[in-house]
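In this note's numbering, the protein residues as written are 1 to 253. Single-structure report; data block below.
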Amino acid sequence: MNLLAIWAMYRSEMARFFRTLGQSFLSPVISTSLYFVVFGAAIGSRIDEVEGVSYGAFIVPGLIMLSVMTQAISNASFGIYFPKFMGTIYELLSAPVNFLEIVVGFVGAAATKALFIGVVILGTSALFVDLQIAHPLVMVLFLLLTCVSFALFGFIIGIWAKNFEQLQLVPLLVVTPLVFLGGSFYSINMLPPIWQTITMFNPVVYLVSGFRWSFFGIADVPILTSLLAILLFQALCLAGVWWIFRSGWRIRS
């Protein structure tokens with residue numbers, strides 16, 4: 001494996017992130033604060049606790065997941081789409097690097113950016129509520145798996161997209177609604193039985209539930225099921241990326 005090539009691609013992508021460092025960190029801080037004002041204060045005044053956890057603390061894992069998923073997708077999709085748009089992707093494809101090295105460089109950078117944002121939101125949340133992480137190693141595991149998995153998903157979107165509008169299509173119309181309807185700001189046990197059953201078809205439920213378990217030891221679905229769900233999603237994304245490079249779909253055209 002060409003580690004120098006991976007590092008060059010990774011460093012190039014991270015340089016773009018650090019050029020807008022203030023905006024990259026200020027935006028999640030402001031949005032997280034607004035979520036606490038709206039959901040924590042307005043709704044939290046009506047819902048004191050959820051399964052023994054204060055409502056303000058209960059929504060923290062969902063807030064982190066929302067930002068991590070969207071950031072991982074947007075960073076990875078833009079990172080690979082921009083070379084396509086500029087036509088420089090052909091230089092990358094003709095370079096002495098294989099598809100795995102390209103994926104590691106671009107996806108690794110996108111996952112790192114999303115991880116930074118997740119840590120910033122976690123720190124911002126700690127200013128508003130008292131947070132105690134019951135299982136820190138599990139939290140780190142879920143956070144890393146989510147960052148990498150959705151960065152892979154974003155990479156696929158970047159290859160698929162034909163214009164900048166399509167880059168935002170999936171995050172805005174698919175991922176964000178799934179996160180809001182996936183138990184990020186409520187427990188699915190609060191829903192009527194029929195809606196609980198329907199909600200279980202939402203893949204984000206398993207990610208949010210497992211991540212919340214790492215904080216408070218409570219979950220809507222078994223922790224092992226959540227872990228298997230994110231691993232399955234990651235495997236599907238890896239298979240999709242492998243097929244794209246093997247077939248040349250939307251890369252050489």
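Ideal placement from N, C-alpha and C gives every residue a C-beta, glycine not left out. As the structure is a computational prediction, the values presented were derived from the model and not from experiment.
Secondary structure of residue i, DSSP reduced to three states
| i | result |
| --- | --- |
| residue 54 | strand |
| residue 222 | coil |
| residue 75 | helix |
| residue 20 | coil |
| residue 214 | helix |
| residue 201 | coil |
| residue 162 | coil |
| residue 140 | helix |
| residue 186 | coil |
| residue 127 | coil |
| residue 208 | helix |
| residue 97 | coil |
| residue 132 | coil |
| residue 249 | coil |
| residue 230 | helix |
C-alpha gap between residue i and residue j, whole angstroms
| i | j | result |
| --- | --- | --- |
| residue 128 | residue 77 | 32 angstroms |
| residue 249 | residue 106 | 18 angstroms |
| residue 171 | residue 35 | 19 angstroms |
| residue 181 | residue 62 | 11 angstroms |
| residue 2 | residue 198 | 46 angstroms |
| residue 246 | residue 156 | 13 angstroms |
| residue 24 | residue 17 | 7 angstroms |
| residue 81 | residue 8 | 18 angstroms |
| residue 183 | residue 159 | 30 angstroms |
Beta-ladder partner(s) of residue i, from DSSP
| i | result |
| --- | --- |
| residue 13 | Answer by DSSP bridge pairing: none, since residue 13 is not bridged. |
| residue 49 | 54 |
Cβ neighbours of residue i in the same chain (closer than 6 angstroms, five flanking residues each side left out)
| i | result |
| --- | --- |
| residue 5 | 97, 101 |
| residue 12 | none |
Chain-order list of residues whose beta-carbon lies under 8 angstroms from that of residue i (same chain, five-residue window excluded)
| i | result |
| --- | --- |
| residue 64 | 118, 121, 122, 125, 143, 211 |
| residue 191 | 199 |
Other residues of its chain near residue i: CB distance less than 7 angstroms, five sequence neighbours each side excluded
| i | result |
| --- | --- |
| residue 187 | 50, 51, 220 |
| residue 225 | 206 |
| residue 168 | none |
| residue 83 | 89, 92 |
| residue 70 | 171, 175, 176 |
| residue 32 | 63, 121, 124, 125 |
| residue 54 | 129 |
| residue 39 | 59, 185 |
(Q) For the structure I just gave you, are there three or more beta carbon pairs, one from the stretch 227 to 244 and one from the stretch 204 to 213, closer than 8 angstroms? (A) yes
Q | At least 3 beta-carbon pairs within less than 8 angstroms: the stretch 176 to 187 vs the stretch 80 to 93 | A | no
Q: Determine contact between the stretch 111 to 130 and the stretch 157 to 171, defined as no fewer than three beta-carbon pairs at a distance below 8 angstroms.
A: no
Q) Can you find at least 3 beta carbon pairs, one from the stretch 235 to 245 and one from the stretch 147 to 154, that sit closer than 8 angstroms? A) yes
Q: Count the C-beta pairs between the stretch 211 to 228 and the stretch 53 to 63 that are closer than 8 angstroms, then say yes if the count reaches three, no if not.
A: yes
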